[in-house]
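Asker:
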Amino acid sequence: MDMAGREIEVPTKIEKVYATALTGTLLMYSFDEEKLCGININLTDDEKKYTSGHFQSLPVIGATAGKGQVASPEEIMSISPDIILAMGIDDGSISEMDKLQETLNIPVIMVDGDIRNTLETYKFLGELFDNKERAHELIEYTEKVFGDVNEIVEKIPESERVKIYYAAGPAGLETGLKGSGNTETIDIAGGNNVAVGPKEEAKGRTEVTMEQVLNWDPELIIVV
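Residue numbers (the working numbering): 94 to 317.
1) Pull up the DSSP beta-bridge partners for LEU313, would you.
2) Classify GLY269 as helix, strand or coil using the three-state DSSP reduction.
3) Decide if TYR234 is buried, meaning its Cβ has at least 16 other Cβ atoms within 10 Å, or exposed.
4) Ignore the nearest five residues each way along the sequence and tell me which others in ILE245's own chain have a CB closer than 8 Å to its CB.
5) Tell me whether the beta-carbon of ALA179 lies closer than 7 Å to the beta-carbon of THR113.
6) Whose CA, out of PHE222, LYS248, THR118 and PRO104, lies closest to the CA of GLY206?
7) For ILE315, which residues of its own chain have a beta-carbon under 8 Å away from its beta-carbon, when the five flanking residues on both sides are left out?
8) If we count the other Cβ atoms within 10 Å of its Cβ and call it buried at 16 or more, is GLY240 buried or exposed?
9) Only counting the same chain, and skipping five residues up and downstream in sequence, which positions put a Cβ closer than 6 Å to that of TYR215?
10) Can the beta-carbon of ASN268 be found less than 7 Å from the beta-carbon of VAL301?
11) Can you have a look at PRO169 and say buried or exposed, based on whether 16 or more other CB atoms are within 10 angstroms of its CB?
12) Can you grab the Cα-Cα spacing for the pair ASP139 / ARG298, in whole Å?
13) Per DSSP, what kind of secondary structure is ASP308 in: helix, strand or coil?
14) At what residue ranges does the stretch 175 to 249 contain a whole run of the alpha helix (DSSP H), taking only runs of 4 or more?
15) Is the stretch 189 to 203 in contact with the stretch 122 to 132, if contact means three or more CB pairs nearer than 8 Å?
16) Any Cβ of chain D within less than 7 Å of the Cβ of GLU189?
17) Quick one: what's got a C-beta closer than 8 Å to SER173's C-beta in the same chain, skipping five residues either side?
18) Tell me the rounded alpha-carbon separation between GLU236 and LEU212.
19) Tell me the DSSP bridge mates of ILE132?
20) Flag this pair as yes or no: are the beta carbons of ALA97 and ILE199 separated by less than 7 Å?
21) Can you tell which of ILE202, LEU266 and ALA288 has its C-alpha closest to the C-alpha of ASP95?
22) Here's the rule I'm using: 16 or more other beta-carbon atoms within 10 Å means buried, otherwise exposed. How should LEU120 be labelled?
23) In three-state terms, what does DSSP make of TYR122?
24) Which residue comes first and which comes last in the alpha helix (DSSP H) that contains THR137?
See below:
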């Protein structure tokens, strides 16, 4: 059973993994990069400084969602993954991943993409890949990082939390609304995401206008 509660039959030994989006690829990179058989984006020179030779050698397949290169079923099949890893367990994602699994006839394993649940996600990966030792290492590291961050953030009064705008897209006019997975690190780090909108629009990136950004009046802009 995956983290979305779906009963999925997986191979006894999983050697090759493709993730449907960059977040899942990076999660798998942190757990066991040697199992990755494809990535979602072309790496920049800066990104290559911080990634391994194996990671850089993997074919760029794209992702199954988002605004970048879209991976076709044929491209995914060409790298012969044993399983497909998908982050996010909301109802819409479950429906999409059920369709993808039916199309490819490859197990699609859904894991929790909420950064606050990283401990549970690593524990699940430890069981999925029969590598609880690696999971324990990452859980200990994650607990320390969150503990250190929380200790600092708790000392920042609400009135002193920096107003931040997250700028993405070619013109910087795509952002993640408060509550979006794109910007949850701002909240965790004690920032105040100025981009507020309807909850149902907070799943991915949202297009905004320059007037909206000016009205939000951020003190700091983080550019992707």
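Don't be surprised by glycine CBs; every beta carbon is placed ideally from N, CA and C.
Answerer: The structure says:
1) Position 220 of the sequence shown, counted from the start, is the residue given in the question as residue 313. Partner(s): ILE257.
2) On the sequence shown, residue 269 is found 176 positions in, with the first residue counted as 1. In this structure, GLY269 counts as strand in the three-state DSSP scheme.
3) Numbered from its first residue, the sequence shown carries residue 234 at position 141. By the 10 Å Cβ count, TYR234 comes out exposed.
4) Here residue 245 is taken as the residue at index 152 of the sequence shown, counted from 1. Excluding residues within five positions, the ones whose Cβ falls inside 8 Å are GLY283.
5) Taking the sequence shown and counting its residues from 1, one reaches residue 179 at position 86. Taking the sequence shown and counting its residues from 1, one reaches residue 113 at position 20. Yes, the Cβ-Cβ distance between ALA179 and THR113 is below 7 Å.
6) Here residue 206 refers to the residue found at position 113 of the sequence shown. It is THR118 whose Cα lies nearest to the Cα of GLY206.
7) For the purposes of this step, residue 315 is taken as residue 222 along the sequence shown, with counting starting at 1. Same-chain partners within the cutoff: ILE257, TYR258, TYR259, ALA260 and ILE279.
8) The residue given as residue 240 occupies position 147 in the sequence shown. In summary, GLY240 is exposed, with fewer than 16 beta-carbon neighbours lying within 10 Å of its beta-carbon over all protein chains present.
9) Taking the sequence shown and counting its residues from 1, the one referred to as residue 215 is at position 122. Correct list, in chain order: ALA228, LEU231 and ILE232.
10) On the sequence shown, residue 268 is found 175 positions in, with the first residue counted as 1. On the sequence shown, residue 301 is found 208 positions in, with the first residue counted as 1. Sequence check: residue 268 is Thr here, not Asn. Yes, Cβ-Cβ distance for THR268 and VAL301 is below 7 Å.
11) Along the sequence shown, one-based indexing puts residue 169 at 76. The amino acid at residue 169 is misidentified as Pro; the sequence shows Ile. In this structure ILE169 is buried. Its beta-carbon is surrounded by 16 or more other beta-carbon atoms within 10 angstroms.
12) Numbered from its first residue, the sequence shown carries residue 139 at position 46. Numbered from its first residue, the sequence shown carries residue 298 at position 205. Rounded to whole angstroms, ASP139 to ARG298 spans 23 Å at the Cα level.
13) Position 215 of the sequence shown, counting from 1, holds the residue named residue 308. Note that residue 308 is Asn in the sequence shown, not Asp. Three-state result, ASN308: helix.
14) 184 to 197, 211 to 221 and 225 to 246
15) no
16) In the structure shown, chain D does not exist; there is a single protein chain.
17) Position 80 of the sequence shown holds residue 173. Taken in chain order, the residues that qualify are LYS109 and CYS130.
18) Numbered from its first residue, the sequence shown carries residue 236 at position 143. Numbered from its first residue, the sequence shown carries residue 212 at position 119. So the two alpha carbons sit approximately 8 Å from each other.
19) As a position in the sequence shown, residue 132 is number 39, starting the count at 1. Beta-bridge analysis with DSSP links ILE132 to VAL153.
20) Mapped onto the sequence shown, residue 97 falls at position 4. Mapped onto the sequence shown, residue 199 falls at position 106. Against a cut-off of 7 Å, the Cβ pair of ILE199 and ALA97 comes out as no contact.
21) Taking the first residue of the sequence shown as position 1, residue 95 is located at position 2. Among ILE202, LEU266 and ALA288, the Cα nearest to that of ASP95 belongs to ILE202.
22) For the purposes of this step, residue 120 is taken as the residue at position 27 of the sequence shown. Classification for LEU120: buried.
23) The residue you call residue 122 lines up with position 29 of the sequence shown. It is helical.
24) Stepping through the sequence shown from its first residue, residue 137 is reached at position 44. Note, THR137: premise wrong, no alpha helix (DSSP H); not H, not E.
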